[in-house]
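So the protein sequences, as listed, match chains A and B. The opening position of the first sequence corresponds to residue 1 in UniProt numbering, with each subsequent residue numbered one higher. The opening position of the second sequence corresponds to residue 1 in UniProt numbering, with each subsequent residue numbered one higher. Cβ coordinates follow ideal geometry from the N, Cα and C atoms, glycine included. See structure below.
There are 2 protein chains.
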Amino acid sequence: MVLSPQLTQFFSQVEQNKQGYIERLTDAVAIPSVSGDPSHRQDVVRMGEYLQQQLKELGASVEIRDPGVQDWNGTGRILQLPPVILATVGTDPKKKTVLVYGHYDVQPALKEDGWNTDPFTLVLDEANDKLIGRGSTDDKGPILGWINVVEAHKQLNIELPVNIKFCLEGMEESGSEGLEKIIHDEAQGYFKDVSAVCISDNYWLGTEKPCLTYGLRGCVYYHITVSGPAADLHSGVFGGTVHEPMIDLAHLLSKLVEPNGKILIPGIYDNVAPVTDKERKTYENLSFDLQDLTNSVGNTINLHSNVEATLQHRWRFPSLSLHGVEGAFYNPGDKTVIPAKVKGKFSIRTVPDMDNDEITRLVKDYVTSEFKKLNSKNTCTVELTHGGDHWLASPDHWNYVAAAKAVEDVFGVQPDLTREGCSIPITLTFQEALNKNVLLLPMGRSDDGAHSINEKLNISNYINGTKLLGAYLYQVANAQ
Amino acid sequence: MVLSPQLTQFFSQVEQNKQGYIERLTDAVAIPSVSGDPSHRQDVVRMGEYLQQQLKELGASVEIRDPGVQDWNGTGRILQLPPVILATVGTDPKKKTVLVYGHYDVQPALKEDGWNTDPFTLVLDEANDKLIGRGSTDDKGPILGWINVVEAHKQLNIELPVNIKFCLEGMEESGSEGLEKIIHDEAQGYFKDVSAVCISDNYWLGTEKPCLTYGLRGCVYYHITVSGPAADLHSGVFGGTVHEPMIDLAHLLSKLVEPNGKILIPGIYDNVAPVTDKERKTYENLSFDLQDLTNSVGNTINLHSNVEATLQHRWRFPSLSLHGVEGAFYNPGDKTVIPAKVKGKFSIRTVPDMDNDEITRLVKDYVTSEFKKLNSKNTCTVELTHGGDHWLASPDHWNYVAAAKAVEDVFGVQPDLTREGCSIPITLTFQEALNKNVLLLPMGRSDDGAHSINEKLNISNYINGTKLLGAYLYQVANAQ
């Protein structure tokens, strides 16, 4: 493959800047912008100010939007939310405009959690190709990757091939409070000219090959509540004489899903889109094997015997998980209680073309009918407590084609085409509000430990990731 | 019925002493002898000293035994246990000797729990025939009942018809720590000459008629542990690809017992003693109806449609209760977790002639075989965490016959013959250590709220209960 002169020049500049990029990430990681801890709220704000300063120095025009306040964990403690940063680099109406999303807050981290080093001091481990620190991969590395791209072009004194609009938030790790409204409000405002969206906030499928992610499962969460006595009872006095809610609930939970993963709710699979031949081909040659599952789970408990079935059940088939029971005895030790009211909690991961309302109807009908079969005098209710839709983009869209070409430019391989089993709600928000193609283009690897101890970003992923983001902009500019 | 001159004289003395008895209970309730709260440990000791003083003033010879120390809730905080009080009134070798057990500690109580009055200030509510205060019925009223009997005889300057040996502990509400060893140690020592045991620490079946209690169910407690992943997993990422421990556990729990109470473990009912005709007669004319069950449960969720079946399933048939799950999500709200390791907790109430070891074998075999059917790659273990045997005395024993006659002497009715569904471990300890008949002879009513707010003892139960304990001693003396 022959690279264009601009890309050659850009890649070379990135290589030269390596030390500076690492210093920039060091500065960013040093700000403990933990959005879930009120005592760090000012650090989140400070991290936002750091990014605004960097963007302004590179010539971006920067605005902020106020997401308002939050009632912290429903405690009545009112906290100001950190600003959403909107920044523009380039306004050439002849160029495409890419909306770049990222978040500048991080997960909590304490040395005592088991970190080998101080989480907020970036450790450069060249021998192992690692940059270790909280936020290195989630999501400061990727945000700085974009800033690195802009900086390299300024240093080279060449224009970016596209306009960039940044949307950077400081509450992603705490539910993105206030962001959805701002996106909808600005859809026909600040984001009016956006051609496509690029989000770099997930991970490669494995550790060796980049991927483009084009789908996410949805999630519907239910509580089954079984109530009987007015208060908890002593099992010695009442055991054998009354209908026990926990017994009824155990029977209901056992009716939801088989140990082999098959969901037992009638009709649940009816609208699941079949696997097409074209889709099946995307499962060939993926950077994944069953040992990867075993490694991440820590035990060999796979339901499926091959990679294709495993990943299809993670990405594009529904699953039902039992999360727990509220109201029953949960402490260590023994307690001879008959719990008066128990809530069984489960959720279903949904996929195209399942419809949340229809699923809720099926769930309620089924649980109600199974409860009737128990002939219990207790009462049973089923409640949807949370619902988020699945998301699917077309990997044939020019936004994806451009990203795939950029991967080839930088890595010399075709990317894995992946989906994810969990939801990233902001993806759906962007697609719905802007009605533009959204691309998930990760920088880090599957073993980065984003929400865990010793979070890392490989140095090569940071540097090549910066190249990738730049190359992607050139491919977007060339896309038809 | 014609009462003996001694009983007539004794009853009359009790009536005269009514005011003094209430004052004595007022003094006792005022000492907050909460054994479960270390800050009240000295009050428990003080309550013991109060009883020793009372007994000494009445001419008893009093000794104490040191149960040692406890590690409070496993916290490493070492607390001295309150003494076990051994007291003797009368040593006439020609008389029978009755061992009287009681406990001088109480359950915790705070006004803020919902009490209408200060829990440690005895309230005399003559209009409603009530003495309200913590410990009034459990178990200070009954202990003082015995002391009242001794006092009345001293006042009348007549000898008791039997010798009494007291065994009073201060840790009953906190597991009777240290007592079992003392009973075994003294079986051939202090308790050598005991003819029979009388414990007044349970309650009438209803609110209108005294009862004698001759049986208790046992209890075997089990944990089923299902383990899979090395740590909790995210259901978005892993749902549908791995065997989930909570799903396996729900299936296992549903296999233990039907919603109608029928235990599904094969062989579990094989050794349950059949109901004899004689036993069936004891269920006639009991002071209990189904509304009593509904009232105490706070809802109409009875499994059985008549009193006989209901009480038989409480007293003399086994039951299986599901208590809860450790390791799963138990908080309010939603969490999309796949718990890595879950423990399902259940217990079986056992009855004659079930054998604990045999039951444990049946439980383990059955759960293991049901788990195999699930074809899961998770692991499953079953563990017995607690086992206590059932207890059954013969209501034909002279000790019971004497108590039944005493009930007729005081109340003019035949007592209910009852059993209880829960265990009172000390009962079994006395029977095993001393190999003597043990009688449960309650003073209070079923609605006394022993462990609840506004605990009370009816004035009439306190006064007639004192008469009953005295009359019982005379009937014991006369028994063949």
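Pick from 349(A), 85(A), 140(A) and 27(A) that is closest to residue 466(A), judged by C-alpha positions: Taking the first sequence and counting its residues from 1, one reaches residue 466(A) at position 466. Residue 466(A) has its Cα closest to that of 140(A), out of 349(A), 85(A), 140(A) and 27(A).
Cβ neighbour criterion (16 or more within 10 Å) applied to residue 110(A): Locating residue 110(A) in the first sequence gives position 110, counting from the first residue. Exposed.
Closer than 7 Å at the beta carbon, the chain A residues around residue 310(B): Counting from one through the second sequence, the residue named residue 310(B) turns up at place 310. Within 7 Å Cβ-Cβ: 241.
Extent of the continuous beta strand (DSSP E) to which residue 98(B) belongs: As a first step, residue 98(B) is located in the second sequence; it is residue number 98 there, counting from the start. Taken as a continuous stretch (DSSP letters only), the beta strand (DSSP E) holding residue 98(B) covers 97-103.
Start and end residues, beta strand (DSSP E) containing residue 508(B): Nothing in the structure corresponds to residue 508(B), since chain B is present only between 1 and 480.
Exposed unless 16 or more other CB atoms sit within 10 angstroms - verdict on residue 230(B): Position 230 of the second sequence, counted from the first residue, corresponds to residue 230(B). Residue 230(B) comes out exposed.
Interface partners of residue 12(A) on chain B, CB under 8 Å: Here the question's residue 12(A) lines up with position 12 in the first sequence. Simply none; closest approach about 38 Å.
C-beta atoms of residue 226(B) and residue 380(B) nearer than 7 Å: Locating residue 226(B) in the second sequence gives position 226, counting from the first residue. Locating residue 380(B) in the second sequence gives position 380, counting from the first residue. Against a cut-off of 7 Å, the Cβ pair of residue 380(B) and residue 226(B) comes out as a contact.
Residues of its chain near residue 118(A), where Cβ-Cβ distance is below 7 Å and the 5 sequence neighbours each way are ignored: On the first sequence, residue 118(A) is found 118 positions in, with the first residue counted as 1. Contacts found: 111.
Chain A residues whose Cβ lies nearer than 7 Å to that of residue 253(B): Residue mapping note: residue 253(B) aligns to position 253 of the second sequence, counting from 1. Correct list: 250.
Beta-bridge pairing of residue 125(B) - partner residues as DSSP gives them: Position 125 of the second sequence, counted from the start, is the residue given in the question as residue 125(B). DSSP, once it has assigned bridges, lists 130(B) as partnering residue 125(B).
Runs of alpha helix (DSSP H) lying entirely within the region 35-87 of chain B, each at least 4 residues, in chain order: 41-57
Inter-residue CB distance, residue 303(B) and residue 242(A) (contact presumed, cutoff 8 Å): The count along the second sequence starts at 1 and reaches residue 303(B) at position 303. The count along the first sequence starts at 1 and reaches residue 242(A) at position 242. The pair is a contact, with the Cβ atoms about 6 Å apart (cut-off 8 Å).
Chain A contact for residue 105(B) (CB, 7 Å cutoff): As a first step, residue 105(B) must be located in the second sequence, where it is residue number 105. For residue 105(B), the answer is no, since every Cβ of chain A falls outside 7 Å of its Cβ.
Counted within 10 angstroms of its Cβ, other Cβ atoms place residue 340(A) as buried (16 or more) or exposed: The residue you call residue 340(A) lines up with position 340 of the first sequence. Residue 340(A) comes out buried.
Local Cβ density within 10 Å of residue 409(A), reported as buried at 16 or more and exposed below that: The residue given as residue 409(A) occupies position 409 in the first sequence. Residue 409(A) comes out buried.
Residue burial classification, residue 74(B) (beta-carbon count within 10 angstroms, cutoff 16): Reading the second sequence from its first residue, position 74 is the one you call residue 74(B). Burial call: exposed.
Below-7 Å beta-carbon distance, residue 334(B) vs any chain A residue: Taking the first residue of the second sequence as position 1, residue 334(B) is located at position 334. Chain A contact via Cβ: present.
Own chain, CB closer than 7 Å to residue 113(B), minus 5 neighbours either side, in chain order: As a first step, residue 113(B) is located in the second sequence; it is residue number 113 there, counting from the start. Result list for residue 113(B): 453, in chain order.
Burial state of residue 57(B), where buried means 16 or more other Cβ atoms lie within 10 Å: Counting from 1 along the second sequence, the entry for residue 57(B) is found at position 57. That one is exposed.
Proximal residues to residue 9(B) (C-beta, below 8 Å), its chain only, five neighbours per side dropped: The residue given as residue 9(B) occupies position 9 in the second sequence. Excluding positions up to five away in sequence, the list reads 156 and 158.
Counted within 10 angstroms of its Cβ, other Cβ atoms place residue 199(B) as buried (16 or more) or exposed: Taking the first residue of the second sequence as 1, we reach residue 199(B) at position 199. Buried, since its Cβ has 16 or more Cβ neighbours within 10 Å.
Residue 328(A) vs residue 324(B) beta-carbon contact at 7 Å: Position 328 of the first sequence, counting from 1, holds the residue named residue 328(A). Position 324 of the second sequence, counting from 1, holds the residue named residue 324(B). Against a cut-off of 7 Å, the Cβ pair of residue 324(B) and residue 328(A) comes out as a contact.
Rounded separation between residue 481(A) and residue 68(A) - CA only: Shown here, chain A extends from 1 to 480; a query on residue 481(A) therefore has no answer.
Backbone CA spacing between residue 127(A) and residue 335(A) [nearest angstrom]: Within the first sequence, residue 127(A) is the residue found at index 127, counting from 1. Within the first sequence, residue 335(A) is the residue found at index 335, counting from 1. For residue 127(A) and residue 335(A), the distance between alpha carbons rounds to 53 Å.
Contact with chain A by residue 246(B), beta-carbon distance below 7 Å: Residue 246(B) sits at position 246 when you count from the first residue of the second sequence. Yes, residue 246(B) lies at the interface with chain A (some Cβ there is under 7 Å from its Cβ).
Closer than 7 Å to chain B by CB, residue 434(A): Mapped onto the first sequence, residue 434(A) falls at position 434. It does not; no Cβ of chain B falls within 7 Å.
is_contact[residue 60(B), chain A] using C-beta, thresh 7 Å: Numbered from its first residue, the second sequence carries residue 60(B) at position 60. Residue 60(B) does not count as touching chain A.
Supposed contact pair residue 222(B) and residue 84(B) - C-beta distance, whole angstroms, cut 8 Å: The residue labelled residue 84(B) in the question sits at position 84 within the second sequence. The residue labelled residue 222(B) in the question sits at position 222 within the second sequence. Contact doesn't hold; Cβ gap of about 32 Å is too wide.
Reference residue 296(A); option with closest CA among 196(A), 449(A), 153(A) and 456(A): The residue labelled residue 296(A) in the question sits at position 296 within the first sequence. It is 449(A) whose Cα lies nearest to the Cα of residue 296(A).
Completely contained alpha helix (DSSP H) runs for the region 404-458 of chain B, where each covers 4 or more residues: 425-434
Closest by C-alpha distance to residue 476(A), when choosing among 367(A), 390(A), 48(A) and 407(A): Walking along the first sequence from the start, residue 476(A) turns up at place 476. Cα-wise, what sits closest to residue 476(A) is 407(A).
Cβ neighbours of residue 138(A) in the same chain (closer than 6 Å, five flanking residues each side left out): To locate residue 138(A), count along the first sequence from 1; it is residue 138. Here the set comprises 450.
Beta-carbon proximity check, residue 228(A) vs residue 378(A), cutoff 7 Å: One-based indexing of the first sequence puts residue 228(A) at position 228. One-based indexing of the first sequence puts residue 378(A) at position 378. Contact: yes.
Residue range of the beta strand (DSSP E) that includes residue 349(B): As a working mapping, residue 349(B) is identified with position 349 in the second sequence. Here the beta strand (DSSP E) through residue 349(B) covers 341-350.
Contacts that residue 374(A) makes with chain B (C-beta to C-beta distance below 9 Å): As a first step, residue 374(A) must be located in the first sequence, where it is residue number 374. Within chain B, the residues near residue 374(A) are 258, 259 and 260.
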